[in-house]
Amino acid sequence: MKNVLVLGGTGFVGTHVCEKLVRAGHTVTVATRRWAHAQDVLHLPFVTVLELDVHDAAALAQAAQGHSAVVNLVAILHGNPAAFEKVHVALPQKIAAACASAGVEQLVHISALGADANKAESLPSQYLRSKSRGEAVLLGACRQLALTILRPSVIFGAGDKFLNLFASLQKVFPVMPLAGAEARFQPVWVQDVATAVVKSLERESPGAVTLEACGPEVFTLKQLVELSARLAGVNHGQGRPVIPLPHWAGVLQARLLELKPGAPLMSRDNLASMQVPNVATPGLPGLQSLGIQPAALQPVARDYLSAGAPWHDLLGVRLRSHWR
Ligand SMILES: NC(=O)c1ccc[n+]([C@@H]2O[C@H](COP(=O)([O-])OP(=O)(O)OC[C@H]3O[C@@H](n4cnc5c(N)ncnc54)[C@H](OP(=O)(O)O)[C@@H]3O)[C@@H](O)[C@H]2O)c1
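The letter at position 134 of the sequence shown is residue 133 when you use numbering that gives the first Met the number 0, and the numbering goes up by one with no holes.
Put into structure tokens, the structure is as follows:
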């Protein structure tokens, strides 16, 4: 049993990580900027929620005291260069310092597929460059502890902002103009990512390990958009016509989406990230190295995407059994 400090534990992946840590017998402290963000973990036994500005180095070092492991899931998808630097680079630096001062023995850092500490500046997006620099910071500063860097492809699961978003858009719009339609992804189930975090904590000897977290299948973005609509029962399961946009039109669409208040559906930086295929790198260890057989997308996604479809309720069950 370990005391684990989880940063970003209130998010989509973080709530699954917290639940799995508790199930594995660990006690968990979840740091959050706002207590109200922690609703999904408050009910878990052996979880303490701590309101904390994780960017305050002294407060973070204080919070790390008494924990033998830290998991970092804090990240942003949109922002200016200063915001990416603060969250993806400066924060890992502060986490490394906090771990050193508190005698933390293990750190699991969630990065992203496509990041690479050795070629940060050649990558096409702010997101990937800053994620890569964050990895480099940790690799340099955390030689005394067991560091695991986990790089997931896009993550699916109930509550994701990915397949759910594509399905919702197609419920509203008759056609889907799509930027980056041929970009490739190897989506991984959120439960597999959470299991990987927990299993990474079984390794206690100092040293760094970098793992990629990918599912068993590769899809283009267009295939994923089409699949999301089919599984959600949009337009009687046929989905909507997906219109691939040429690059210039995709950039223009992203620019217009950025003008809307709030987080954009797609930014130019997101589009730039898609220039790097989001698929497993030959030769790098994956989930299998932790004994995890990653789940296929369709059976899992069908379950949560079809929750709003007309055939999902009791009447649907009866109709299906009638047709069989
Ligand atoms: N979801 C994916 O498809 C995907 C794919 C590849 C990699 N990843 C990586 O997986 C990790 C978890 O992703 P996720 O989808 O679970 O993210 P998420 O739902 O957006 O959660 C991120 C968490 O970080 C905290 N946070 C956000 N902005 C912050 C800021 N400016 N300062 C301090 N804390 C901040 C939030 O906690 P509070 O609001 O409670 O403070 C939030 O719970 C990230 O490292 C992400 O890059 C995700």
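We put the beta carbon where it would ideally sit given N, CA and C, even for glycine.
*Beta-carbon gap between LEU112 and ASN277 smaller than 8 Å*: By one-based count along the sequence shown, residue 112 stands at place 113. By one-based count along the sequence shown, residue 277 stands at place 278. For LEU112 and ASN277, yes; Cβs fall inside 8 Å.
*Could you give the DSSP three-state label for VAL70: helix, strand or coil?*
As a first step, residue 70 is located in the sequence shown; it is residue number 71 there, counting from the start. VAL70: strand per DSSP, three-state reduction.
*asked:* Quick check: is any heavy atom of ligand 1 less than 7 Å from the C-beta of LEU72?
replied: Residue numbering aside, residue 72 sits at position 73 when the sequence shown is read from its first letter. Under cutoff, so the answer is yes.
*Does the Cβ-Cβ distance between ARG132 and LEU210 come in under 8 Å?*
Start at 1 with the first residue of the sequence shown, and residue 132 comes out as number 133. Start at 1 with the first residue of the sequence shown, and residue 210 comes out as number 211. The answer is no: Cβ separation not under 8 Å.
*For the beta strand (DSSP E) that GLY249 lies in, which residues bound it at each end?*
Within the sequence shown, numbered from 1, the residue matching residue 249 stands at position 250. Counting along the chain, GLY249 falls outside any beta strand (DSSP E), though it belongs to the alpha helix (DSSP H) covering 246-258.
*Decide yes or no for the touch test of the stretch 65-80 against the stretch 100-111: beta carbon pairs closer than 8 Å, at least 3 of them.*
yes
*From what residue to what residue does the beta strand (DSSP E) around LEU177 run?*
Position 178 of the sequence shown, counting from 1, holds the residue named residue 177. Start and end: 175-177.
*PRO276 - DSSP class collapsed to helix/strand/coil*: Counting from 1 along the sequence shown, the entry for residue 276 is found at position 277. Three-state result, PRO276: coil.
_Own chain, CB closer than 7 Å to VAL86, minus 5 neighbours either side, in chain order_ = Reading the sequence shown from its first residue, position 87 is the one you call residue 86. Answer for VAL86: VAL73, ALA74, ILE75, listed in chain order.
*Assign GLU134 to one of three DSSP states: helix, strand, or coil.*
For the purposes of this step, residue 134 is taken as residue 135 along the sequence shown, with counting starting at 1. The answer is helix: DSSP assigns GLU134 an H, G or I state.
*Do the stretch 164-184 and the stretch 275-291 touch if we need at least three Cβ pairs shorter than 8 Å?*
Enough Cβ pairs lie closer than 8 Å, so yes.
*asked:* Please tell me whether, using a cut-off of 7 Å, the distance from the CB of ALA111 to the nearest non-hydrogen atom of ligand 1 is below it.
replied: Locating residue 111 in the sequence shown gives position 112, where the first residue counts as 1. Yes - ligand 1 has a heavy atom lying nearer than 7 Å to the Cβ of ALA111.
*For ILE75, which three-state DSSP category applies?*
On the sequence shown, position 76 is the one that residue 75 refers to. Of the three classes helix, strand and coil, the one that applies to ILE75 here is coil, per DSSP.
*Please name the residue or residues paired with ALA95 in a DSSP beta bridge.*
In the sequence shown, counting from the first residue as 1, residue 95 sits at position 96. When beta bridges are read from the DSSP output, ALA95 appears opposite no residue.
*Which of the three DSSP states, helix, strand or coil, is assigned to ILE54?*
Along the sequence shown, read from residue 1 onward, the residue named residue 54 stands at position 55. Correcting the residue identity first, residue 54 is His in this sequence and not Ile. Reduced to three states, the DSSP call for HIS54 is coil.
_Buried or exposed by the 16-neighbour rule on C-beta atoms within 10 Å, applied to ILE291_ = Looking up residue 291 in the sequence shown gives position 292. Answer is buried; the Cβ neighbour count reaches 16.
_Near ligand 1: VAL86 beta-carbon under 7 Å from a heavy atom_ = Residue mapping note: residue 86 aligns to position 87 of the sequence shown, counting from 1. Because some heavy atom of ligand 1 lies under 7 Å away, the Cβ of VAL86 counts as near it: yes.
_Rounded C-alpha distance that separates ALA30 from VAL224_ = On the sequence shown, position 31 is the one that residue 30 refers to. On the sequence shown, position 225 is the one that residue 224 refers to. Near 34 Å, if we compare the C-alpha coordinates of VAL224 and ALA30.
*From what residue to what residue does the beta strand (DSSP E) around ALA207 run?*
Position 208 of the sequence shown, counting from 1, holds the residue named residue 207. Start and end: 206-212.
*Based on the DSSP output, what are the partners of VAL48 in its beta bridges?*
Counting from one through the sequence shown, the residue named residue 48 turns up at place 49. Note: VAL48 sits in a beta bridge opposite VAL29.
_Three Cβ pairs or more, each shorter than 8 Å: is that satisfied between the stretch 113-129 and the stretch 82-99?_
Pairwise C-beta distances place the stretch 113-129 in contact with the stretch 82-99, as three or more of them are shorter than 8 Å.
*asked:* Taking its Cβ as the centre, do 16 or more other Cβ atoms sit within 10 Å of GLU18, making it buried, or is it exposed?
replied: Here the question's residue 18 lines up with position 19 in the sequence shown. Per the 10 Å Cβ criterion, buried.
*Using a threshold of 7 Å, is the CB atom of PRO151 nearer than that to any non-hydrogen atom of ligand 1?*
Reading the sequence shown from its first residue, position 152 is the one you call residue 151. At least one heavy atom of ligand 1 is nearer than 7 Å to the Cβ of PRO151, so yes.
_Taking its Cβ as the centre, do 16 or more other Cβ atoms sit within 10 Å of ILE94, making it buried, or is it exposed?_
If you number the sequence shown from 1, residue 94 lands on position 95. So ILE94 ends up on the buried side.
*If you count every other CB in all the chains shown that lies within 10 Å of the CB of GLN169, and 16 or more means buried, which is it?*
By one-based count along the sequence shown, residue 169 stands at place 170. So GLN169 ends up on the buried side.
*Please confirm whether LEU286 and ALA207 have their CB atoms less than 8 Å apart.*
Position 287 of the sequence shown, counted from the start, is the residue given in the question as residue 286. Position 208 of the sequence shown, counted from the start, is the residue given in the question as residue 207. No, the Cβ-Cβ distance between LEU286 and ALA207 is not below 8 Å.
*Examine the Cβ distances between the stretch 252-269 and the stretch 57-68 and report whether three or more of them are shorter than 8 Å.*
no
*Cα-Cα separation between GLY13 and ALA58, rounded to whole angstroms*: Residue mapping note: residue 13 aligns to position 14 of the sequence shown, counting from 1. Residue mapping note: residue 58 aligns to position 59 of the sequence shown, counting from 1. The straight-line gap separating the alpha-carbon atoms of GLY13 and ALA58 is approximately 21 Å.
*Alpha carbon to alpha carbon, how far is ALA166 from SER227?*
Counting from one through the sequence shown, the residue named residue 166 turns up at place 167. Counting from one through the sequence shown, the residue named residue 227 turns up at place 228. Roughly 5 Å between the two C-alpha positions.
*Taking the alpha carbon of VAL189 as the point to measure from, which residue in GLN92, PHE155, PRO91 has its own alpha carbon closest?*
Looking up residue 189 in the sequence shown gives position 190. Considering only alpha carbons, the answer is PHE155.
*asked:* Suppose contacts are defined by Cβ-Cβ distances below 8 Å. Is ALA62 in contact with LEU49 by that definition?
replied: If you number the sequence shown from 1, residue 62 lands on position 63. If you number the sequence shown from 1, residue 49 lands on position 50. Cβ distance < 8 Å, so ALA62 and LEU49 count as in contact.
_Outcome for MET0 when other beta-carbon atoms lying within 10 angstroms are tallied against a minimum of 16_ = For this step, residue 0 is matched to residue 1 along the sequence shown. Result: exposed.
*Examine ligand 3 and report whether any of its heavy atoms sits within less than 7 Å of the Cβ of ARG32.*
Ligands displayed in this structure: ligand 1; ligand 3 is not among them.
*Mind checking ALA116: buried by the 16 CB within 10 Å criterion, or exposed?*
On the sequence shown, position 117 is the one that residue 116 refers to. Buried is the call here.
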